[in-house]
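Visitor: Residue numbers (our numbering), protein chains in the order written: chain A, 2 to 663; chain B, 36 to 120. Backbone N, C-alpha and C fix where the C-beta goes; we use that ideal spot for every residue, glycine too. Model, not experiment: these values are computed from the prediction.
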Amino acid sequence: TTRSWDFLGLSAHSPVNTLHNSSMGDGVIIGVLDTGIWPEAKSFSDKGLGPIPSHWKGVCESGKRFKAKSHCNRKIIGARWFVEGLVAEYGQPLNISGNREFFSPRDANGHGTHTASTAAGTFVHNVSYRGLGHGTIRGGAPRARLAIYKVCWNVLGGQCSSADILKAFDEAIHDGVDVLSLSIGSSIPLFSDIDERNGIATGSFHAVAKGITVVCGAANDGPFAQTVQNSAPWILTVAASSMDRAFPTPITLGNNKTFLGQAIYTGKEIGFSSLIYPETKGLNPNSAGVCQSLSVDNSMVAGKVVLCFTTMNLGAVRSAAEVVKEAGGVGLIVAKNPSEALYPCTDGFPCVEVDYEIGTRILFYIRSTRSPVVKLSPSKTIVGEPVLAKVAHFSSRGPNSIAPAILKPDIAAPGVNILAATSPLDRFQDGGYAMHSGTSMATPHVSGIAALLKAMHPDWSPAAIKSAIVTTAWRNNPSGFPVFAEGSPQKLADPFDYGGGITNPNDAAQPGLVYDMATDDYVNYLCAMDYNNTAISRLTGNPTVCPTEGPSILNINLPSITIPNLRNSTTLTRTVTNVGASNSIYRAVIEPPFGTSVSVEPNVLVFDRKTKKLTFSVTVNAAHQVNTGYFFGSITWTDGVHTVRTPLSVRTEISQPYIDEN
Amino acid sequence: EATSNVHIVYLGERQHDDPMLTTNSHHDMLASVVGSKEIASELMVYSYKHGFSGFAAKFTESQAQKVAELPGVVRVIPNSLHRIQ
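(1) Taking DSSP's pairing of strands, which residues face D431 of chain A in a bridge?
(2) I want to verify the contact list: residues of chain B whose CB lies under 8 Å from the CB of G159 of chain A, in sequence order.
(3) When you compare each of A:P52, A:I271, A:V33, A:G99 to R81 of chain A by their alpha carbons, which one comes out closest?
(4) Okay, do the region 501-514 of chain A and the region 470-485 of chain A touch, 3+ Cβ pairs below 8 Å being the bar?
(5) Straight-line CA distance for T563 of chain A to W461 of chain A?
(6) Under 8 Å between C-beta atoms, does S424 of chain A make it to chain B?
(7) Could you compute how far the alpha carbon of S82 of chain B sits from the alpha carbon of I166 of chain A?
(8) Measuring alpha carbon to alpha carbon, tell me which of B:S97, B:G47, B:V80, B:Q100 ends up nearest H62 of chain B.
(9) Can you give the Cα-Cα distance for G86 of chain A and L555 of chain A, rounded to whole angstroms?
(10) Would a check of beta-carbon distances place S274 of chain A closer than 8 Å to chain B?
(11) Any idea which residues DSSP pairs G47 of chain B with across the strands?
(12) Cβ of L540 of chain A less than 8 Å from any chain B Cβ?
(13) Is it a yes or a no for the region 106-122 of chain A touching the region 61-71 of chain A, going by three-plus beta-carbon pairs under 8 Å?
(14) Please state whether DSSP places C161 of chain A in a helix, a strand or coil.
(15) Residues of the region 41-52 of chain B with a CB closer than 9 Å to any CB of chain A: list them in chain order, please.
(16) DSSP three-state label for Y532 of chain A, please.
(17) Check each residue of the region 210-227 of chain A: if its Cβ is closer than 8 Å to any Cβ of chain B, include it; give the result in chain order.
(18) Cβ atoms of A624 of chain A and H598 of chain A: under 8 Å apart, would you say?
(19) By a C-beta neighbour count over all protein chains shown, 10 Å radius and 16 as the cutoff for buried, is M55 of chain B buried or exposed?
(20) Indicate the three-state DSSP secondary structure (helix, strand or coil) for P463 of chain A in the structure shown.
(21) What does DSSP give as the partner residue(s) for E592 of chain A in the beta ladder?
(22) Is it right to say V392 of chain A is buried, meaning 16 or more other beta carbons lie within 10 angstroms of its own, or is it exposed?
(23) Under 8 Å, Cβ to Cβ, is there at least one residue of chain A near F94 of chain B?
(24) Under 8 Å by Cβ, that's how I've got Q230 of chain A and S397 of chain A pegged, so tell me the actual separation to the nearest angstrom.
(25) Where does P251 of chain A sit, in a helix, a strand or coil, going by DSSP?
(26) Sort out for me which residues DSSP pairs I77 of chain A with in a bridge.
(27) Would the beta-carbon of A142 of chain A fall within 8 Å of that of G488 of chain A?
(28) Jot down the residue ranges of each uninterrupted beta strand (DSSP E) in the region 313-397 of chain A, minimum 3 residues, whole runs only, in chain order.
(29) I need the DSSP call for S82 of chain B, collapsed to helix, strand or coil.
(30) From the beta carbon of V69 of chain B, is the nearest beta carbon of chain A less than 8 Å away?
(31) Short of 8 Å Cβ to Cβ, which residues in the region 25-56 of chain A face chain B?
(32) Report the partner residues of F45 of chain A according to the DSSP bridge assignment.
(33) Out of A:G268, A:A322, A:V84, A:F260, point me to the one whose CA is closest to G290 of chain A's CA.
(34) For S67 of chain B, name the three-state secondary structure that DSSP assigns.
(35) Once the 5 residues before and after G330 of chain A are set aside, which same chain residues still bring their CB inside 8 Å of it?
(36) For G59 of chain A, decide whether its Cβ has a neighbour in chain B, counting only Cβ atoms nearer than 8 Å.
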């Protein structure tokens, strides 16, 4: 977070922005369902904070190495843990030996400390990760309060059971939190009825019904289509992007050509050393140079830098580095699919990542030179315009496999190489801080922003907050260049990569119009998803009868429109609420998806003191009689001051498709 | 002997404002399937009583099926594992 908040326009040095206009989220309570918290981290100091908000009704519970009286304060106002569901499932106690876990809110893993400090940590100056990314870390809402619900445990890298998650929802709703942040996804493979099984959809439905904004990660199964999780329409689902920061690492060859790789390498320069690519004789000479099955011995590698190629991600880099280090090598260059998430190799061993193009050029240099040599220099930090933000390779993509008409993810936020507080037991930590990547890291950025919006607009519903965030998002970098999505190959990002775009908190604070919703509005979704009247009535607590003809899921008042099966013509409706100046006139600007024509009726909306809400209809016509993949466009309402952009995704399906086309 | 696993019995919006009454109704419901209040207490993992109504308990598949057929039950959801992302 030493860069992410500046990238998002929430610099603490700027006197006028959403950070300051919201008193930094003071009075708002963010509940974090995660691996707990390391309360001694400076990010959780309560210095300068006023009394605990009066609407807080929760508790702070003592446990192993966690004392409620001393570890909770005016920043960490609540802390509890829920493990019975996991223990009952495993049928045996958790292994808590060797500080691997604590039966208390204390965080052994570090993930929960990282996410909590990103959402609402206070300012901690002069932080870096091994000298890289130097600056001030803080949360999006530095004066918001934290309620910690430890539901994930240090078992197989961090697991959580839905029974425990649901209990945390139950308590958090009672406790009076304003925002809930869940950097949690389901295990792979996905259940087809994930909405039912994961508990998050169920718990969040009741939380949202009580005015609590629920922010969840989209999961890390990208860049493949239909992998987005936490896809219920009442959830704010977050994709991960990079930001305008990179860690270039010079690789200088003996022919004086210098390439830039990426690494977290802060050791000494590795002066010119022999460079090898482990090639064997025979029909498959490249087999020995595959990073994850690197075949080298001491005589071959000692004192040398090794080049290898891989189609895998993090695991291959680390395993190859171990092999080369063990054999006495002095460095590793890994050619792989470009992705910006970086981790240091063990003991500061230099492992530099390059893309296949640079890797191939280095390989050609090796093959064409009698004694190839290379110099590896330490990584540097660069920020600002030369670096463009992209949707992260790992970030799960839409369309939504449960309800394709509900656009997911909703929004993207920085989630690559995020420097924040962690547990001292985190294996990647440096002085209590770590750089981590994942939709887990993007999620608390949006939770912090939601807290700022809640502080500025206490009467806004979760749907209004979500609408403000989605309709004001950026599709371009600050330099004006469009946001790309990592993948193979890279492409321009579309709504299935980043929903509305990358979050733009300053415009989200004053969106002009919002697509608001209440519990009743979600009933159409529940009816469309085959819940029967009795079930919906019990769920909502009100007698409900689904319309006999079946409601159109397209009419749910979301800030996005997705038509997964346009035949000839479809008409849907939306209602906007004016949250700006009373007397406003908005005009529609239509960007039709390729192969469609789109009209909006009326195309001018006139608001005054009495008219706060207006309904419009959108008609989309297919121009061609063919089955297509998705095409993207938008409908934007503008009054000259505000720009309220609704992403529009359309797939024409004239006949039943024989293959999925996303 | 049939294996027991944790299931979530989801009952929707709360029927009582008093959480104690809600929890008691959960124990009664569970007892009606497993035979006694004592056994129900042993099998109960959580009572969800504030934000919504429901409970988590250890069931065999046949018990889960019986619970699903009780009036007031919206769904019986098998417990599942999630991962940090």
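Guide: Considering the structure as presented:
(1) A:Y434
(2) R118, I119
(3) A:V33
(4) yes
(5) 25 Å
(6) no
(7) 13 Å
(8) B:V80
(9) 37 Å
(10) no
(11) B:S88
(12) yes
(13) yes
(14) strand
(15) V41, H42, I43, Y45, L46, G47, E48, R49, Q50
(16) coil
(17) K211, G218, A220, N221
(18) Rather than His, the amino acid found at residue 598 of chain A in this sequence is Ser. A contact, by the Cβ cut-off of 8 Å.
(19) exposed
(20) helix
(21) A:S635
(22) buried
(23) no
(24) 6 Å
(25) strand
(26) A:L147
(27) no
(28) 332-336, 352-355, 374-377
(29) strand
(30) no
(31) D35, T36
(32) Paired residue(s): none; F45 of chain A is not in a bridge.
(33) A:A322
(34) helix
(35) V297, V302, A303, G304, K305, V306, V307
(36) no
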